[in-house]
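Trainee:
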Amino acid sequence: MWQATLEYANDNEKDNILNCLYLFNIKGIWEKEGKLIVYFEDKEELDSFKESLQDRKLFFRRVKDNLKWNSLWKKFHRPVSIRPFFITPTFFKGRKPKGLRKILVKPSFAFGTGSHATTKICIYFLVKYVKKGMKVIDMGTGTGILAIISEKLGAEEVYATDIDPIALKEAKDNIKRNRCKKIVLGNEIDNLNNFFDLCVANIVLDELLKLKELFKKILKEKGILILSGILEEQIEELLEKYSDSFRLINRKKKRDRNFNWFGLVFEKI
Ligand SMILES: C[S@@+](CC[C@H](N)C(=O)[O-])C[C@H]1O[C@@H](n2cnc3c(N)ncnc32)[C@H](O)[C@@H]1O
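Position one of the sequence shown corresponds to residue 22 (my numbering), numbered consecutively onward.
Set out below in structure tokens:
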């Protein structure tokens, strides 16, 4: 059994940790004096959990034998190449490979450094479907990574929303860092009927199910909807919910440790 001790300063931090933990096969969890003690059966699962935390830089100060997470987190952040992009953490000092376009993301609390399978699937599909002049919305933008990439791919106008104010703040910084000029940040999209050519959303299943009607409203006819963050066993429920308004046109699987993640692409009927 492997043990991770996670310290948090307030309820918000604690929620961030718990939101990340749901993805993992943990054997037990208990709370003591402002700390969460989490048990994993094997080291691989613990390592996978640590990798996932890199997207959020959570408060992971001790793993079993006093390993100091805070001094280690930079080691887990690596640039990611997804043609034509090279997504790098801000502290990375190495060279950009020739022919790739650099995207800078500061690893912090928001999700989205490009290293997670679900984000990679979205980037793969954005490269395939975003065309010059499109209006795009990134629903649940996290660090802003998918909105930034959409602009770099030639979108004329990009909206980026998130229910988490910390994500919006971090997205704002990353948008500036990457000199993007066409991204509108915020959650005021209710009046945008039949407005977008493409919507991308990398969010947990429950939220995706709730958001269907909104996607239907804001997308133009034949608009493209890219959904990610879906586990294999969740696909059926999602397809059932979406099939009356959307036609499935593409899908992609990416295995990450013990999980089969799926991205689905729909066209609005
Ligand atoms: C898994 S992260 C994805 C971040 C980034 N787009 C990526 O692909 O790496 C999901 C994000 O969606 C946000 N979120 C969750 N439910 C949402 C909703 N109903 N509307 C907008 N954002 C939401 C979360 O706060 C979080 O930042």
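Glycine included, each C-beta is placed from N, C-alpha and C at the ideal position. It should be emphasised that the depicted structure is a prediction, and the values quoted were computed from it without experimental measurement.
#1: Does at least one heavy atom of ligand 1 sit under 8 Å from the Cβ of residue 266?
#2: Would you mind working out which of 130, 131, 142, 104 sits nearest residue 124, comparing C-alpha positions?
#3: Cβ of residue 160 within 9 Å of Cβ of residue 226?
#4: What would DSSP say about residue 26, mapped onto helix, strand or coil?
#5: Would you report the Cα separation of residue 257 and residue 40, rounded to the nearest angstrom?
#6: Answer with buried or exposed for residue 118, where buried requires no fewer than 16 other C-beta atoms within 10 angstroms of its C-beta.
#7: Hey, out of 110, 177, 259, 120, whose CA is closest to residue 133's CA?
#8: State the DSSP-derived secondary structure class of residue 145, mapped to helix, strand or coil.
#9: Under the three-state reduction of DSSP, which class applies to residue 191: helix, strand or coil?
#10: Just how far apart, CA to CA, sit residue 51 and residue 201?
#11: To the nearest angstrom, how far is the alpha carbon of residue 88 from that of residue 130?
#12: As a quick exercise: from 195, 208, 243, pick the residue whose alpha carbon is nearest that of residue 217.
#13: With a threshold of 8 Å on Cβ separation, who are the neighbours of residue 31 within its own chain once the five nearest residues in sequence on each side are excluded?
#14: Judging by CA-CA distance, which residue of 174, 140, 166, 149 is the nearest neighbour of residue 126?
#15: So for residue 249, helix, strand or coil by DSSP?
#16: Taking the CB atoms as reference points, tell me whether residue 229 and residue 259 lie closer together than 9 Å.
#17: My output table needs one value for residue 198: the three-state DSSP class, helix, strand or coil.
#18: Quick one: is residue 43 buried, meaning 16 or more other Cβ sit within 10 Å of its Cβ, or exposed?
#19: Using a threshold of 8 Å, is the CB atom of residue 132 nearer than that to any non-hydrogen atom of ligand 1?
#20: Is the beta carbon of residue 273 less than 9 Å from the beta carbon of residue 283?
Mentor: Looking at the coordinates:
#1: With a cut-off of 8 Å, the C-beta of residue 266 is classified as distant from ligand 1, since no heavy atom of the ligand falls inside that distance.
#2: Answer by Cα proximity: 104.
#3: no
#4: strand
#5: 23 Å
#6: exposed
#7: That would be 110, whose Cα lies nearest to the Cα of residue 133.
#8: helix
#9: helix
#10: 43 Å
#11: Residue placement at residue 88 is poorly supported in this model, since its pLDDT is 40, which falls under 50; the coordinates are not used for a value here.
#12: Ranked by how close their Cα comes to the Cα of residue 217, the residues 195, 208, 243 have 243 in first place.
#13: Around residue 31: no qualifying Cβ.
#14: 166 is the residue among 174, 140, 166, 149 whose C-alpha sits nearest the C-alpha of residue 126.
#15: strand
#16: Judged by beta-carbon spacing, residue 259 lies within the 9 Å limit of residue 229, meaning their Cβ atoms are closer than that value.
#17: helix
#18: exposed
#19: yes
#20: yes
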